[in-house]
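Q: In my numbering, the protein residues as written are 137 to 362.
Supplied in structure tokens, the structure appears directly below.
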Ligand SMILES: NC(=O)c1ccc[n+]([C@@H]2O[C@H](COP(=O)([O-])OP(=O)(O)OC[C@H]3O[C@@H](n4cnc5c(N)ncnc54)[C@H](OP(=O)(O)O)[C@@H]3O)[C@@H](O)[C@H]2O)c1
């Protein structure tokens, strides 16, 4: 059996991607930080290695090179760079790859407020990803509602991660990945079209964080344990 391929976290030099990369490296996964600048990616990888220890399986590369090394690609970039990066990545993606999109189309991307989202023709940033990539690539929406401050702190995270995709296998794989973050419960959130709601919840959480000087997350009640 081939060894498991790494997880590429594109935009992993920023707080959200760095936090996810940190958590998965701590869980023993092989992670590549992606950046527009390979040096920045390597520096971020070095910081994670310092935190996790010398056995940490973490490296850094330019975004397209990171993507070419992985079957699991996580997008953690601001919405203003979303479409351009996807077009750039297209030739490097292999059929059967999974793209997990955590991007939130905050109005801040066009000079507006971080407490509002932009209206997108496709419905959500994740649906835009599905539209821009070939059909053979599975797109998953997840991690929009987990704040970077929580990911980058030590200890478990008191938060649910709702995972949405039109590909049931990719959805389950992403749930398993989310569940590697201590404290996180990963919930099947149904079709990719529900990403538009996940993305809007982020704007609400940002608003609550400002109002209450807090680091909020969400928990869904009433679900069966399974
Ligand atoms: N921060 C949070 O708490 C949080 C929570 C949930 C979801 N999110 C979402 O996750 C994404 C990343 O959040 P973040 O706070 O980590 O963002 P960020 O710091 O603004 O950006 C992350 C990284 O993206 C790269 N980048 C910046 N502009 C780019 C562009 N135009 N094209 C391509 N790459 C670009 C930069 O890396 P290089 O310069 O190294 O290429 C940057 O370090 C956003 O869509 C955000 O809405 C964030």
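All C-beta atoms, glycine included, are put in the ideal place defined by N, C-alpha and C.
With a threshold of 16 other CB atoms inside 10 Å of the CB of residue 257, please say whether the residue is buried or exposed.
A: The residue is exposed, with fewer than 16 neighbouring Cβ atoms inside 10 Å.
Q: Just curious, the beta strand (DSSP E) that residue 196 is in, first and last residue?
A: First-last of the beta strand (DSSP E) with residue 196: 194-198.
Q: I believe residue 255 touches residue 293 by the beta-carbon criterion, under 8 angstroms. Please report the beta-carbon distance rounded to the nearest angstrom.
A: Not quite, the Cβ-Cβ distance comes to about 30 angstroms (not below 8 angstroms), so this is no contact.
Q: By alpha-carbon positions, which one of 189, 200 and 190 ends up nearest to residue 169?
A: Of the listed residues, the one whose Cα sits closest to residue 169 is 200.
Q: Where does residue 149 land, buried or exposed, given buried means 16+ other C-beta within 10 angstroms?
A: It counts as buried.
Q: With a threshold of 8 angstroms, establish whether the CB of residue 221 neighbours any heavy atom of ligand 1.
A: Yes - ligand 1 has a heavy atom lying nearer than 8 angstroms to the Cβ of residue 221.
Q: Does the distance from the C-beta atom of residue 423 to that of residue 277 stay below 9 angstroms?
A: Outside the modelled stretch of the chain, which goes from 137 to 362, sits residue 423, for which no answer is possible.
Q: Specify the secondary structure class of residue 147 as computed by DSSP and reduced to three states.
A: Three-state result, residue 147: coil.
Q: Per DSSP, which one or two residues make a beta bridge with residue 234?
A: Its beta-bridge partners are 208 and 274.
Q: Determine, using beta-carbon pairs with one atom in the segment 157-169 and one in the segment 185-200, whether at least three such pairs fall under 8 angstroms.
A: Counting Cβ pairs under 8 angstroms, three or more are found: they touch.
Q: Let me make sure I understand the geometry here. Which of 231, 321, 355 and 142 has the alpha-carbon closest to that of residue 205?
A: Nearest option by C-alpha distance: 142.
Q: In terms of DSSP beta bridges, what is residue 247 paired with?
A: DSSP, once it has assigned bridges, lists no residue as partnering residue 247.
Q: Under 8 angstroms from any heavy atom of ligand 1, does the C-beta of residue 171 make it?
A: Result yes, Cβ under 8 angstroms from ligand 1.
Q: For residue 184, tell me which candidate among 341, 166 and 358 has the shortest Cα-Cα distance.
A: Out of 341, 166 and 358, 166 has the C-alpha closest to the C-alpha of residue 184.
Q: Should residue 282 be counted as a contact of ligand 1 given a C-beta to heavy atom distance under 8 angstroms?
A: Within the cutoff, so yes.
Q: Using only the alpha-carbon positions, how far apart do residue 356 and residue 282 sit?
A: Approximately 14 angstroms, taken between the alpha carbons.
Q: What residues match up with residue 296 in a beta bridge as DSSP calls it?
A: Its beta-bridge partners are 321.
Q: Is there at least one non-hydrogen atom of ligand 1 closer than 8 angstroms to the beta-carbon of residue 297?
A: No, the beta carbon of residue 297 sits no closer than 8 angstroms to any heavy atom of ligand 1.
Q: Would you tell me roughly how many angstroms separate the C-alpha atoms of residue 285 and residue 175, rounded to the nearest one?
A: Spanning the two alpha carbons is a distance of roughly 24 angstroms.
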